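Here the sequence shown is numbered in my numbering, starting from 21 and rising by one per residue. Glycine is no exception: its CB is placed at the ideal position from the N, C-alpha and C atoms. The model shown is predicted, which means the values in this text are computed figures rather than measured ones. Input: a single structure, listed below in structure tokens.
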Amino acid sequence: MRYDLHCHSYYSDGAHTPEFLLQRAINNGLSHLAITDHDCIDACQELAGHTATGAIELITGVEISSQLERQEIHVIGLGIDLRNESLAALLALQQRKRKSRISSFDALLTRQGITGLQEHMEKLPTRAPGRTQVADFLVLKGLCRDHRGAFQRYLGRQGKCYVAADWCAMAQAIEVIKAAGGIPVLAHPHRYATSTSGLRRLLSRFQQLGGEGMEVACGNLDKPMLEKLGRLGEETGLYASTGSDFHSSKAVWTDIGKVPELPDSVKKNAIWTHPRWHS
């Protein structure tokens, strides 16, 4: 069995169609794939007829942007009911917030003499626009060399055109995922805190609010951090998930299914052993 339970299509900030992701997963020999776009489920809906292809099993998924004490935290929902009304309402709100943020970026960029962002965004298939697409626009305009430059100069906290996000509370993201029958998983926990004590505090809060899983094996993760996340997974009892966070085939350091193996200490508690995994 080979799992990749975290990747993105062009409906959020990925570069490819859902069909491309599905075919690449099959070609790479995966047994299970979850497309977890930011704040939208259009890719899952598009591939709903492929839920059991014989070659691969698709797991419905989403990655909800949330906030905990003013820190942005991403919560993945696996095995969600795509027809759930609470989930649909939250995602619709999140998408409105995203589009409003893009309008604010456009206004600030226009003041800098940089026009055309809204027109650029309207040509894209994304349902959940974000700073990645704004960075793409700035690079295409020749104003920045790459994404890092775009964030440093314009879009990051110290940038000329920074706009703060206004996401739902982490507690709400967890609640809605569970209401939709899904399993809430903390995405790439190592990105939120570098110290072991900081990670412990975050994981404890996540559990207190109803979180049930954490990504242990993530794309582009070094061995010491993999081992640290494995130890924390075993310590907390959270179900251990795995995902590449794949966005684009142009990124040669990553691919669908290019994820380290779960540490032995948490294999017995892998996310696919969760009671609701096949419910």
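Residues near residue i in its chain [Cβ-Cβ closer than 8 Å; skip 5 each side]
i: L144; result: Y30 and Q153
i: L67; result: P38, E39, L42, I55 and L78
i: C164; result: A155, L158, A170, R173 and Y174
Element boundaries [alpha helix (DSSP H), containing residue i]
i: H140; result: L137 to E142
i: V196; result: M190 to A199
i: P244; result: K243 to T256
i: A68; result: It is not in any alpha helix (DSSP H) - A68 carries neither H nor E in the DSSP assignment.
7 Å CB neighbourhood of residue i in its chain, flanking five on each side removed
i: T274; result: G239, N240, S264 and F266
i: A191; result: L229
i: A63; result: S29, Y31, P38, I55 and D57
i: E247; result: P283
Endpoints, beta strand (DSSP E) assigned at residue i
i: L53; result: H52 to A54
i: A237; result: G233 to C238
i: G218; result: From DSSP, G218 is part of no beta strand (DSSP E) but of the alpha helix (DSSP H) over T216 to Q228.
i: E77; result: E77 to I79
i: V205; result: I203 to L206
Same chain only: Cβ atoms within 6 Å of residue i, ignoring 5 sequence neighbours per side
i: H167; result: A155
i: A193; result: I84, S86 and V95
i: R121; result: V183
As assigned by DSSP and simplified to three states, the class of residue i
i: T262; result: strand
i: M21; result: coil
i: C181; result: coil
i: L163; result: coil
i: V286; result: helix
i: E105; result: helix
i: Q91; result: strand
i: I154; result: Note on residue identity: the sequence assigns Val, not Ile, to residue 154. Of the three classes helix, strand and coil, the one that applies to V154 here is helix, per DSSP.
i: S124; result: helix
i: I134; result: coil
i: I46; result: helix
i: G97; result: strand
i: E39; result: helix
i: I84; result: strand
i: H58; result: strand
Proximity of residue i and residue j at Cβ, strictly below 9 Å
i: I93; j: L78; result: no
i: C181; j: L129; result: yes
i: G69; j: V82; result: no
i: A35; j: S215; result: no
i: A45; j: I197; result: no
i: V159; j: A170; result: yes
i: R225; j: L110; result: no
i: V205; j: S261; result: yes
i: G201; j: G99; result: yes
i: K117; j: D186; result: yes
i: L249; j: H294; result: no
i: H26; j: W292; result: no
i: G136; j: K161; result: yes
i: R22; j: N47; result: no
Beta-carbon separation (whole angstroms), residue i vs residue j, contact threshold 8 Å
i: D24; j: V279; result: 6 Å
i: Y259; j: G233; result: 4 Å
i: Q115; j: A148; result: 5 Å
Cβ-heavy atom distance, residue i to the ligand ZN, below 8 Å
i: C64; result: As far as ligands go, the structure on display features none, and thus does not contain the ligand ZN.
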